[in-house]
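*Asks:*
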Amino acid sequence: MKSQKKSKAFTLIEVLISIIIVGIVMATIPILMTAFTTSLKTNVKEEVFFSQFSLLNLISAKYFDENNTQSDNYYKVLSAPNGDGNLSVIQYSPTEYNRKGKHQYSQGSRPFSAIVFRSGSNYSVTSSLGPEPDEVNETMYDDVDDYNGYVEHHSGIVSGGYDLNVSVKYVKDNANYADVNITYNSDYTTNVTLTNIKLITITTNVNGVTIKLTYPICNIGRAAMLSYK
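Just so you know, this note's numbering puts 91 at position 91 of the sequence shown, and the rest follows in order with no gaps.
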C-alpha cells in the first residue's frame with residue numbers, strides 16, 4: 001500500500017498576515033525614500049554652504065576698494081561721491097582728511113604724535129568692479145570687488161560637483177545717521193555706484209536648487225599697524 005504525502009497549504013490567516021506585511025513594507029518604502037532624499041538634499045546644502053562661507057571669509061578679508069592699496073589708505077575710509085552725506089570725508093588741511101563725526105587722533109605735545117593719524121583719505125572709491133589688468137588670477141586679488149565675476153569649481157563629495165559664482169556690486173547706504181535711533185533699510189535692487197557699501201553675493205545652482213549667500217562690506221577702514229606696512 002502506497003503512502004500518501006500530505007501537501008502543506010497556507011491557511012487563510014497566514015495569507016492575510018502575509019498581505020498585511022507586504023502592505024506595510026510597500027507603504028514604508030516611499031517614506032524611507034523621501035527621508036533619504038531629504039537627507040541627501042540637506043547634506044548637499046551643508047556642503048555647498050560650507051564652501052560658500054569659506055570663500056566669503058577669504059573675500060571679506062580683502063580691502064574694501066582698490067584705492068585702499070594706494071599710499072597709506074590701507075587703514076582709512078575713502079571718499080564715496082554717491083554715498084550718504086553724513087559719512088562723507090572732509091578736508092581739514094591741505095594734507096589732512098577725516099570722516100564727518102569721527103574723532104581724530106590728538107596731536108598733543110608728544111613727539112610721537114608729530115604724525116597726524118586721520119581716518120579719511122582724499123582718494124575716492126573706484127567705479128570699476130572686477131580685477132585690475134595686472135591681476136591675472138585670484139592669487140593677486142587685493143580688494144573685494146576683484147572677485148566680481150569669479151567662478152570657483154568644487155568637485156563635491158555628496159553633490160557630484162558645483163560652481164561658486166561671485167558677484168560684487170555697490171548698494172545704497174542712505175540712512176538718517178543724525179537720528180538717535182538709526183534705521184537702515186537695505187536696497188539691493190537699485191543700480192548705484194561709488195557708495196560706502198559693496199554687496200558680495202555667492203550663488204550656487206546644484207540639483208535644481210539655488211543656494212545664495214550675501215554679505216555687505218563697508219567703507220570703514222581697518223585696524224592696522226604702520227610697522228606692518
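For each residue, glycine too, the CB sits at the ideal point set by N, CA and C.
Since ASN165 sits in a beta bridge, which residues does DSSP pair it with?
*Replies:* BP columns for ASN165 point to VAL151, THR203.
*Asks:* Using CA coordinates, which residue listed in TYR123, ASP65, ASP146 is at the minimum distance from PRO133?
*Replies:* Of the candidates TYR123, ASP65, ASP146, the one whose C-alpha sits nearest the C-alpha of PRO133 is ASP146.
*Asks:* If you count every other CB in all the chains shown that lies within 10 Å of the CB of ASN196, and 16 or more means buried, which is it?
*Replies:* That one is buried.
*Asks:* Determine, using beta-carbon pairs with one atom in the region 205-212 and one in the region 46-54, whether at least three such pairs fall under 8 Å.
*Replies:* In short, these stretches touch, since the Cβ pair count reaches three.
*Asks:* Which same chain residues end up closer than 7 Å to TYR141 when comparing Cβ atoms and leaving out the 5 residues on each side of it in sequence?
*Replies:* Around TYR141: LYS62, PRO131, GLU135, TYR147.
*Asks:* If you reduce the DSSP assignment to three classes, tell me which class THR210 lands in.
*Replies:* Three-state result, THR210: strand.
*Asks:* Would you list the one or two residues that DSSP bridges to VAL144?
*Replies:* Answer is none; VAL144 lacks a bridge partner.
*Asks:* Would the beta-carbon of ASN57 fall within 9 Å of that of THR193?
*Replies:* Not a contact, by the Cβ cut-off of 9 Å.
*Asks:* Beta carbon of VAL77, beta carbon of SER128: below 9 Å?
*Replies:* No, Cβ-Cβ distance for VAL77 and SER128 is not below 9 Å.
*Asks:* Taking ASP143 and GLU66 to be in contact with their CB atoms under 8 Å, please state how far apart those CB atoms are, rounded to whole angstroms.
*Replies:* With a Cβ gap of about 5 Å, ASP143 and GLU66 count as contacting.
*Asks:* In terms of residue numbering, what span does the beta strand (DSSP E) encompassing VAL89 cover?
*Replies:* Taken as a continuous stretch (DSSP letters only), the beta strand (DSSP E) holding VAL89 covers 89-93.
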